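Have a look at the structure below before the remarks.
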Amino acid sequence: MDLGLKESTAFITGGAGTLGLAMARRFVQEGCNVVVCDTNQDAIDAACEELTALGGQALGVRADVTSKDEVAQAVQKATDRWQKVDVLVNNAGFARDSYLTRMREEDWHAVLDVTLLGAFHCSRAVLPLMMAQRYGRIVNIASRAHLGNPGQTNYSAAKAGLIGFTRSLALESGKFGITANAVAPGVISTPRMQQRPDYAELTERAKSNTPVARLGDPADVAATVAFLASRLAGFTTGETVHVTGGRYA
Ligand SMILES: NC(=O)c1ccc[n+]([C@@H]2O[C@H](COP(=O)([O-])OP(=O)(O)OC[C@H]3O[C@@H](n4cnc5c(N)ncnc54)[C@H](O)[C@@H]3O)[C@@H](O)[C@H]2O)c1
């Protein structure tokens, strides 16, 4: 199936991380140019090397999404190279878990800022470009944790907030040919998770508590993001698609 992404430009925040790089691989397979935006320069370099080896066009930009100036510079580098941004994936994010009674105020701010302020700066930086070309796709990476999870009040609040952000942005920008959707992954088997001492137990538990009876794979998330970022998804906006193997159902 041709997703119509050839010669498009996708800007992925956190693009050098596990899920971001899986998305970048998928975009490159579709013939889409990729901007890998991240704070980790070594990871950016490794990601771009891999994407280029796959035959893709990748541009690495080091930027902290919580900085308006760094985001503006990163988007400028993308347009210097490709003159446009068709797809924005607000994927940069992390958890800083602890029960609320013990949560440090800085961990509250860090998680909300990378998720919400990051999406705010990045979306505002690309929207004028998308509005001018009357076309754009914004995909925000939330989490099943938006439903609530003990130890994750900051992360759940941030991801639930990102879903609200997505819905409002969809309502504001549809008339410009721009869609905004969220993807909410469940438990995904990442290299970090595979190093956990209880990984075997988590794998077994997924077989019993997940309808599709396995952990998620980064490629599962990337496939859903690619569809929402594609030309095919032009009449789908304001949605949250759960990639949880049915655990949302
Ligand atoms: N892995 C999962 O199981 C899972 C499940 C649900 C949701 N998510 C969400 O998916 C997204 C990606 O997660 P991941 O598992 O790939 O994590 P990851 O840590 O592998 O990747 C995140 C990337 O974001 C970058 N980053 C962090 N802060 C940044 C900032 N301020 N500006 C720019 N880049 C920054 C990091 O350097 C890293 O490369 C996150 O938003 C996460 O909340 C992940």
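When we follow our numbering, the leftmost residue of the sequence shown carries the number 3, and every step to the right adds one.
Backbone N, C-alpha and C fix where the C-beta goes; we use that ideal spot for every residue, glycine too.
The structure presented is a predicted model; accordingly, all values stated were derived computationally and were not measured.
By how many angstroms is the C-alpha of Gly166 removed from the C-alpha of Leu217?
Each residue's alpha carbon lies about 27 angstroms from the other.
Which residue comes first and which comes last in the beta strand (DSSP E) that contains Thr242?
242-245
Given 7 angstroms as the limit, tell me if Thr205 has its C-beta closer than that to any heavy atom belonging to ligand 1.
no
Go to Phe229, then tell me how far its alpha helix (DSSP H) extends in each direction, as first and last residue.
220-230
Can you tell me whether Arg126 is buried or exposed? The criterion is at least 16 other CB atoms within 10 Å of its CB, across all chains shown.
exposed
Kindly indicate which residue of Asn211, Glu203, Gly138 has the alpha-carbon position closest to the one of Gly179.
Of Asn211, Glu203, Gly138, the residue nearest in Cα terms is Gly138.
Nearest to Asp4 by alpha carbon, out of Thr242, Ala215, Arg233, His244?
Arg233
Less than 8 angstroms between the beta carbons of Val243 and Asn183, yes or no?
yes
Those residues which DSSP pairs with Val63 across a bridge
Cys39
With 16 as the cutoff for other CB atoms within 10 Å, does Asp40 come out buried or exposed?
Burial call: buried.
Residues bridged to Leu90 by DSSP?
Partner(s): Phe13, Ile140.
Locate the alpha helix (DSSP H) running through Pro187, then write down its first and last residues.
First-last for Pro187: 180-187, but that is the beta strand (DSSP E), not the alpha helix (DSSP H).
Does the segment 79-94 touch the segment 8-16, meaning 3 or more C-beta pairs lie closer than 8 angstroms?
yes
Would Gly188 be called buried (16 or more neighbouring beta carbons within 10 Å of its own) or exposed?
buried
Contact check, Leu23 vs Ala49, beta carbons under 8 angstroms:
yes
For Lys86, which residues from the same chain have a beta carbon less than 7 angstroms from its beta carbon, with the 5 sequence-adjacent residues on both sides left out?
Thr11, Leu131, Gln135
Among Ala94, Gln31, Ala55, Asp88, the one whose alpha carbon lies nearest that of Asp66:
Ala94
Could you please give me the residues that DSSP links to Ile190 through a beta bridge?
Gly218
Between Val116 and Thr181, is the Cβ-Cβ spacing less than 8 angstroms?
no
Where the alpha helix (DSSP H) containing Thr168 begins and where it ends:
155-175
Using the beta-carbon count (16 or more within 10 Å), is Pro213 buried or exposed?
exposed
Can you list, in chain order, the residues of its chain whose CB lies under 8 angstroms from that of Leu119, leaving out five sequence neighbours each side?
Val67, Thr68
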